[in-house]
């Protein structure tokens, strides 16, 4: 089986045309995925150096719909079909989309790509990557988790870069986002009325701790006007990692049942 990759990079100065890498064997596909996970700037294949820096979108397809034996066969097929019909051939015509089997996070997520070199936090992440992976592996017909997963990823990016205003605001966004999972209208109802099976008191205490202080901190970050002097938030002030982990664990438990 051969594999094809198509990806885009952020570049404000030129058109972001998709870049195709065709005819990858499994070992080369795994090498590409590793380069993606580590945030490598380049990937070398078949005599070509592909630039990966600022990669923001990627799709991976197998070639299960055609019996290709080499990269040259795939490229020849591309040229013939494009010339015949005058319409660019899409990789999905060759096989199925298998992106989710290989791409598990943002570009460079295994190498702390977004962590600054000086003044960085002692802890590498705010939300444990295992929680994000658990959310990503949930299949639930009632709730689309893409936004929740992205909020979690952006919290980690902000935390790694000491962007504490952003962390507080994003935590607030999460607690405002998830109440429907618990059949609640808002997070006040989650904190005061929702009963977790077998762990109700502990969960309620954690949610009350998450609700009031973080709302105060995020409200102060968003709504406070300019003053003669300011005191900036620090890592300690926005630390509700344990309470947020309890919340995400309960989201995962509920959506799995």
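Residue numbers (our numbering): 570 to 826.
Think of the CB as a built atom: it goes at the ideal place given N, C-alpha and C, for glycine as much as any other residue.
Item                                                                                                             : Value
Residue 618 in three-state terms, based on DSSP                                                                  : strand
9 Å Cβ cutoff met for residue 591 and residue 647                                                                : yes
Coil, strand or helix - residue 625 by DSSP                                                                      : strand
Straight-line Cα distance separating residue 575 from residue 597                                                : 14 Å
Alpha carbon of residue 635 to alpha carbon of residue 621, nearest angstrom                                     : 28 Å
Helix, strand or coil at residue 728 according to DSSP, with G and I counted as helix                            : helix
For residue 772, the nearest candidate out of 811, 786, 803 (CA to CA)                                           : 811
Beta bridge counterpart(s) of residue 815 as assigned by DSSP                                                    : Beta-bridge pairing links residue 815 to no other residue.
Member of 678, 644, 758, 579 whose CA lies at the smallest distance from the CA of residue 609                   : 678
Three-state secondary structure (DSSP) of residue 612                                                            : strand
Alpha helix (DSSP H) segment containing residue 786, residue limits                                              : 769 to 792
Distance CB(residue 664)-CB(residue 615) smaller than 9 Å                                                        : no
Reduced DSSP category for residue 571 - H, G, I as helix; E, B as strand; rest coil                              : coil
Whole-number beta carbon distance between residue 737 and residue 787, since they are thought to touch under 8 Å : 5 Å
As assigned by DSSP and simplified to three states, the class of residue 805                                     : coil
Beta bridge counterpart(s) of residue 590 as assigned by DSSP                                                    : 574
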